[in-house]
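In the working numbering, the protein residues as written are 7 to 446.
By construction, the Cβ of each residue, glycine as well, lies at the ideal position given by its N, Cα and C atoms.
Worksheet: the structure to be examined is printed underneath.
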Amino acid sequence: MNRTFRIETFGCQMNVGDSELIRLSMVKNGFMEAANPGDADICIYNTCSVRDNAEKRVLAKISTAKGIGVAKKRLIVVAGCMAQRLGEELLKKKVASIVIGPYQSPRLGEILSEFIKNKKNRLFISQENENFAERLTPELLENRDVEPWHKWVTITHGCENFCAYCIVPYVRGKLISFPSERILKFIQELADSGVIEVTLLGQNVNQYGQDAGDIPFHKLLAKTASIKGLKKINFMTSHPMDFNEETIHVINDNPNISRGIHLPMQSGSDRILKAMNRKYTTAHYFSIIEKIDKIIPDYAVSTDLITGFPGETTEEFNETLEAVKRIKFDEAFMFSYSPRMGTPSYSMKETISEKEKAARLHELISVQREISLEKLIKRVNNREIVIAEKVSKKSGTEVAGKTFLNHPVVFSGDINDIGRETIVEISEVRGSTLFGRKII
Ligand code: SF4
């Protein structure tokens, strides 16, 4: 009988993409996805290392999985960034039988088949270029999302920016861009097979092509937008250091590119940005927003912010608050700083108590919440293009999705609306969600 597996994914969309590769490779090698995840013979945890909490959470889940059901026969595989960071330690502490880094995701099925024959705990975390090549096989193109109208398309792997707080360059390695020809062919095939929405994915998509002398990101984006059949193109994540005016023009010139732009600011203080090694100033960040504002008539901008970075003074925190009030982000993902072992900021002396960090975060969140609400209220009475993603959990007669500016929206509808482009008239805001009715 075929062994069954389940995959649990933590962290960012890069991991979601890697989990797809893992699933594809498992099925190709004769494993079956467990109908009931609790009964799976093989539990694969595709992990995140960005925050200490993320690692603690996955370790707790693994110990629970070992304690229930078919625990004795159950194989535990730890994949992803935590696997890359802790490596051998996870085998020594008997957390897992197999540890694989992000670059081996497309090979896990093969690795497991071998493992089952040889029964020896193993570690697969190298980041050599030859490991990377397997991601470029045509099989990758056959793999589809759970939502069949949408596809995550990884365009780069790794990152060489070395932001002081970030573990990614140490666990995902250097920047590697997929060849543009291959990417565009892939997206063309997806569009031909009915996909209407794609999200181009990379740690810093704006650096696309720089490592390989390939076309720059804005050209890749423009070529993607010209593929017939695509109704919505998203991209993430952008870096203010590399986000250029050409990209803004490409967005404006192509109505099928989402107007929800995510541009992590991290801090509103130049001194803190420098300490974070972000390589831009607040003036530069503001100038990008001004250009977006001048060029694109209707857009939304979201960001990431960190409070309490080592050495952040009250004045510097206030500069972040002021920047948030000035820009008026539609949405912000806000965190208080937590040191990650292995990053440069880990050795920086922490000067702010946890209590103070939490207070700053709290203040920032409450300022941003008001702004987000203000921005949502402005959408009331507008007609918005929406691709519904799921039937609402609370009511079987409503569906939820995102507008073209990436605002969350709920409207009356049913399963037939899922994955289709719909025009919705916004009637009200409840909490942080728009509500409306379907027009077309
Ligand atoms: S750009 Fe900075 S924050 Fe983003 S992945 Fe690279 S090092 Fe990390």
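Where residue i falls, given that 16 or more other Cβ within 10 Å makes a residue buried
i           : result
residue 70  : exposed
residue 379 : exposed
residue 336 : buried
residue 281 : buried
residue 8   : exposed
residue 445 : exposed
residue 421 : exposed
residue 304 : exposed
Distance, residue j Cα to residue i Cα
i           : j           : result
residue 262 : residue 237 : 5 Å
residue 331 : residue 362 : 21 Å
residue 265 : residue 72  : 45 Å
residue 257 : residue 228 : 8 Å
residue 316 : residue 92  : 25 Å
residue 104 : residue 130 : 8 Å
residue 223 : residue 204 : 15 Å
residue 97  : residue 21  : 21 Å
residue 76  : residue 288 : Because the pLDDT at residue 76 is just 49, under 50, the model does not fix this residue reliably, and the value given afterwards should be weighed accordingly. Whole-angstrom Cα-Cα distance: 54 Å.
residue 87  : residue 251 : 33 Å
residue 191 : residue 94  : 39 Å
Test item: CB-CB of residue i and residue j under 7 Å
i           : j           : result
residue 333 : residue 301 : no
residue 347 : residue 309 : no
residue 46  : residue 16  : no
residue 392 : residue 402 : no
residue 382 : residue 415 : no
residue 233 : residue 193 : yes
residue 85  : residue 106 : yes
residue 189 : residue 163 : no
residue 82  : residue 102 : yes
residue 159 : residue 226 : no
residue 371 : residue 340 : yes
residue 169 : residue 240 : no
heavy atom of ligand 3 below 6 Å from residue i C-beta
i           : result
residue 240 : Among the ligands present in this structure, namely ligand 1, ligand 3 is not found.
Three-state secondary structure (DSSP) of residue i
i           : result
residue 119 : helix
residue 41  : coil
residue 485 : Because the chain spans 7 through 446 in this model, residue 485 falls outside it and cannot be assessed.
residue 293 : helix
residue 357 : coil
residue 76  : Reliability of the predicted coordinates at residue 76 is poor, the pLDDT of 49 falling under 50, and the value obtained from them is presented with this limitation in mind. Correct three-state label for residue 76: coil.
residue 58  : helix
residue 364 : helix
residue 256 : helix
residue 214 : coil
residue 389 : strand
residue 318 : coil
residue 166 : coil
residue 129 : strand
One or two residues paired with residue i in a DSSP bridge
i           : result
residue 156 : 203
residue 66  : For residue 66, which the question treats as bridged, DSSP gives no partner whatsoever.
residue 223 : DSSP output for residue 223 lists no bridge partner at all.
residue 340 : 311
residue 414 : 408
residue 443 : 431
residue 53  : 86
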